[in-house]
Structure formats: C-alpha cells, structure tokens
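Undergrad: Numbering (UniProt numbering), first residue to last: 1 to 119. Backbone N, C-alpha and C fix where the C-beta goes; we use that ideal spot for every residue, glycine too. One structure follows; several queries about it will come next.
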C-alpha cells in the first residue's frame, strides 16, 4: 500500500496512516521525491500522528527524505511526532535539528509558511 501525497498550493501534504515496513518506506521516499520534482513544491508537511513506532531503517529513511527534499529545494516540517518515535530517533543518533516540527497538520502548514517566509 502506498502513502498518499496531496498537493495544496505549493506544498505537499503527507499523512502516514499505515504501518511502514521497509518496502513501503522506500516507495514513500521515491514517490515523495518524484512528486516534489513533478510539482515544484517548495514545502512538505509529513504528519506522523498515526506512526507509533519506527525502527532504525524507517528512521534513516525519514532523515534521508529531509536531506533529499532540501537538495530539491523543498522544506520539510514533521507534525504529530509521538514520544516513542522521538525517543527512537534520538537513540539512533538521528537528530533532525534543522527540521521544524508542529503538533498537528494545521500548525504544520503555519510553520511551513513561516519557514518559507510566506505570510
């Protein structure tokens, strides 16, 4: 099953509602990068509210997605990061210091606009 990626103005919105296995995570990465390229999106909001656990591979994919999107000119904001997910990321040494976060999708869009200086 693929993760749906929606376009809203110059942004892409992703709400991960399924359990990610390695194959799905790689498909998500490829799909998101293709969508950034196709649409010229300047920002991406990735909602992780439904993601309760990540393993080391999924955590690495999240970190890679941020770096790759940045190389393509798109800023990433994570929303809804659960406590267990944040602890796992830190324990694995994936700090994502430059990645803005927000509590929910609505706040994520506001944060993305601020990051991109679009008011």
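What does residue 33 pair with, by DSSP beta-bridge criteria?
TA: Per DSSP, none; premise fails for residue 33.
Undergrad: Take residue 61 as the anchor and find which of 116, 4 and 29 has the nearest alpha-carbon.
TA: 29
Undergrad: Can you have a look at residue 99 and say buried or exposed, based on whether 16 or more other CB atoms are within 10 angstroms of its CB?
TA: Per the 10 Å Cβ criterion, buried.
Undergrad: If you follow the alpha helix (DSSP H) that residue 49 is in, where does it begin and where does it stop?
TA: No alpha helix (DSSP H) contains residue 49, which DSSP labels as neither H nor E.
Undergrad: In whole angstroms, give me the CA-to-CA distance for residue 19 and residue 57.
TA: Roughly 13 Å between the two C-alpha positions.
Undergrad: Roughly how many angstroms separate the alpha carbons of residue 79 and residue 104, rounded to a whole number?
TA: 5 Å
Undergrad: First and last residue of the alpha helix (DSSP H) that includes residue 6?
TA: Run containing residue 6: none in the alpha helix (DSSP H); it sits in the beta strand (DSSP E), 5-8.
Undergrad: Once you ignore the five residues that flank residue 2 on each side, which residues in its own chain have a CB closer than 7 Å to its CB?
TA: Take residue 2, set aside five residues on each side of it, and the residues of its chain with a beta-carbon closer than 7 Å to its own are 27 and 31, in chain order.
Undergrad: Taking the C-alpha atoms as reference points, what is the distance between residue 51 and residue 15?
TA: 10 Å
Undergrad: Classify residue 93 as buried or exposed, calling it buried when 16 or more other Cβ atoms lie within 10 Å of its own Cβ.
TA: exposed
Undergrad: Which stretch, first to last residue, makes up the alpha helix (DSSP H) that contains residue 88?
TA: Looking at the DSSP string, the run of the alpha helix (DSSP H) that includes residue 88 is 83-91.
Undergrad: To the nearest angstrom, how far is it from the Cα of residue 81 to the Cα of residue 111?
TA: About 15 Å.
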